[in-house]
Amino acid sequence: MLTRLTLAATNPVEYSINGGSTYLPLPANGIIPAVGIDATVKVRVTGTPAAGTLANEPIGVRLGDTGPNDNSAATQNQIDDNPLQSSTEIYTRNITTDGLTPANEKEASATVSIPFGASIKPLAFATALKVASTINRNNPALINDDQITYDLGVRVANQDPSTPDLFQPAALEGTTIQLDGTPTSAILVSDAIPNGTKLQSVSTALPLNWRAVYTTAATASAPGSNPLALPWSTTAPTNLSTVTRVGFIYTAGSLAPGFEQTNLQFTVITDGTDTQIENMAQVFGETVGDATNEVVYDESGDQNPNNYTDLGAPPDATGTHYTPGTDTVSSTPLIWQY
């Protein structure tokens, strides 16, 4: 008898008469070779949890049918007479003594059950996307008129980068940010305005359900600042040069595995400072259904989600890791130098 278990297509039931060293498929007639007195027969059942099984629901197998089927002494070494050699029973067949009736044989049953724990944890795999889509140097003799348009985006992967899979890809939903003075759940893709530049414009032709947000907080572009705690506004300041970080938010629900969004564009202009132009974008959200509300976080710079390594290793055991004050919002890769 099976409880919330679907048998494997090949050799779902096997037995061993050598202590588990080797297993053989159970014959179609259910009869295994003779074993010695007090010998042990091990039975292995292979299957997968039935679709729709919830966490902590029991998954189990019962071998035999000897009431009360509760693993008590009353289920072991019983006279095979209730009923006589039913198709659901496990019972002996004495091959050395002729003339024994079924009532002289013995039967037993055993039940094994464990709670389903959903060992593969659902996790949203988010990748922060960023390219410099347009570079306009204008007057080559000047270093205060060069325009750089950045194209940000987010991808929600439908495959765990780990081998073997450690997590089950799940949808990405919002995390709490401070928006127009109110805590708001949003998926946030943001970027610090790099040193040596000023924000010049933000695209007004944004994809459906995406909005631009701005902050003028003095610490917004400092390493270790926390974009989730910054005061964001959906209203652009009159003087865009005061913006220290720009972002794009999605508040229309979750983004399913396989989703990708680009064309979240903003343009900066150099301010005449002879410096490196460097910055990295980030994406912030949470996994749908995660009771811990752990932040899903990724920095741009590669195609791996959740700051996975190039070898497919997650940042920690939970598959995502964000520590304000440690993770940077402006990083080291050189993009251009003027």
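Every position in the sequence shown, counted from 1, becomes a number in this note's numbering once 1 is added.
Heads up, the beta-carbon is just placed ideally off N, CA and C, and yes, glycines get one too.
Top-ranked residue by Cα proximity to residue i, from the options
i      : options                        : result
Gln179 : Glu15, Leu167, Val214          : Val214
Asn294 : Glu300, Met281, Thr176         : Thr176
Ser202 : Asn308, Ala172, Thr245         : Thr245
Tyr16  : Asn139, Ser226, Thr47, Asp311  : Thr47
Val157 : Leu167, Tyr151, Ala172, Ile194 : Ala172
Thr220 : Arg212, Thr236, Asn210, Asn196 : Asn196
Val1   : Glu174, Ala51, Asn57           : The requested residue 1 is not part of the displayed model; the chain covers only 2 to 339.
Thr243 : Asn12, Phe267, Ile194, Pro325  : Ile194
Gly263 : Ser22, Trp211, Pro59           : Note that residue 263 is Thr in the sequence shown, not Gly. Looking at the Cα atoms, Trp211 is the closest of the given residues.
Ile32  : Tyr92, Thr216, Ser226, Phe285  : Tyr92
Ala9   : Pro50, Glu300, Thr324          : Pro50
Ile236 : Thr216, Ile278, Gly37, Tyr24   : Reading the sequence as shown, one finds Thr at residue 236 and not Ile. That would be Thr216, whose Cα lies nearest to the Cα of Thr236.
Ala52  : Val36, Val44, Thr4, Asn72      : Thr4
Leu414 : Ala253, Thr276, Val296         : Nothing can be reported for residue 414, as the shown portion of the chain is limited to 2 through 339.
Asn280 : Asn159, Leu312, Val132         : Val132
Glu108 : Gly68, Leu143, Pro13           : Gly68
Gly37  : Arg94, Pro13, Tyr323, Val44    : Arg94
Thr112 : Ala35, Leu143, Val44, Thr183   : Val44
Gln160 : Asn307, Tyr323, Asp317         : Asn307
Asp275 : Ala35, Glu90, Gly302, Leu143   : Leu143
His322 : Pro34, Phe285, Gly302          : Phe285
Glu90  : Asn240, Met2, Pro59            : Met2
Thr185 : Ala253, Asn240, Leu241         : Ala253
Exposed unless 16 or more other CB atoms sit within 10 angstroms - verdict on residue i
i      : result
Ser88  : exposed
Leu153 : buried
Asn137 : exposed
Tyr188 : A quick correction: the sequence has Ile, not Tyr, at residue 188. Ile188 should be labelled buried.
Leu6   : buried
Ser331 : The predicted model places Ser331 with a pLDDT of 40, which falls under 50 and marks its position as unreliable, so this point remains unresolved.
Asn261 : With the sequence shown as reference, residue 261 is identified as Glu, and Asn is not the correct amino acid for it. Exposed, because fewer than 16 other Cβ atoms sit within 10 Å of the Cβ of Glu261.
Leu335 : With a pLDDT of 30 at Leu335, under the threshold of 50, the modelled position of that residue is not reliable, and the figure given next carries that caveat. With fewer than 16 other Cβ atoms within 10 Å, it is exposed.
Ser255 : buried
Asn19  : exposed
Asn305 : buried
Ser22  : exposed
Leu312 : exposed
Thr333 : Any reading at Thr333 is ruled out, since the residue's pLDDT is 32, under 50, leaving its predicted position unreliable.
Thr11  : exposed
Beta-carbon proximity check, residue i vs residue j, cutoff 8 Å
i      : j      : result
Lys199 : Val247 : no
Leu130 : Gly320 : no
Asp181 : Ser234 : yes
Glu106 : Asp81  : yes
Ser114 : Gly61  : yes
Asn57  : Arg63  : no
Gln266 : Ser204 : yes
Pro315 : Pro170 : no
Asp192 : Tyr251 : no
Pro232 : Ala218 : yes
Thr41  : Phe117 : no
Tyr309 : Pro162 : yes
Pro325 : Asn227 : yes
Phe249 : Leu209 : no
Any non-hydrogen atom of the ligand SAM within 7 Å of residue i CB
i      : result
Ile194 : In the structure on display, the ligand SAM does not appear, and there are no ligands present to speak of.
Exercise for the section: Would you check if there are 3 or more beta carbon pairs closer than 8 Å linking the stretch 283-292 to the stretch 105-125? Expected result: yes
Practice task
Return the chain-ordered ranges of every beta strand (DSSP E) run that is complete within the stretch 19-49 and spans a minimum of 3 residues.
Solution key: 43-46
Exercise for the section: Only counting runs of 3 or more residues, tell me where the beta strand (DSSP E) segments fall wholly within the stretch 205-249, in order along the chain. Expected result: 211-216
Practice task
Would you list, in sequence order, the uninterrupted beta strand (DSSP E) runs of no fewer than 3 residues that lie entirely inside the stretch 115-177?
Solution key: 122-125, 127-137, 148-157, 168-171
Problem - Meets three-Cβ-pair contact criterion under 8 Å: the stretch 22-31 and the stretch 62-79 - result: no
Practice task
Pair every Cβ in the stretch 142-156 with every Cβ in the stretch 261-276, then say whether three or more of these pairs are closer than 8 Å.
Solution key: yes
Problem - Within the stretch 248-316, ranges of the beta strand (DSSP E) (whole runs, at least 3 residues) - result: 261-271, 282-288, 296-300
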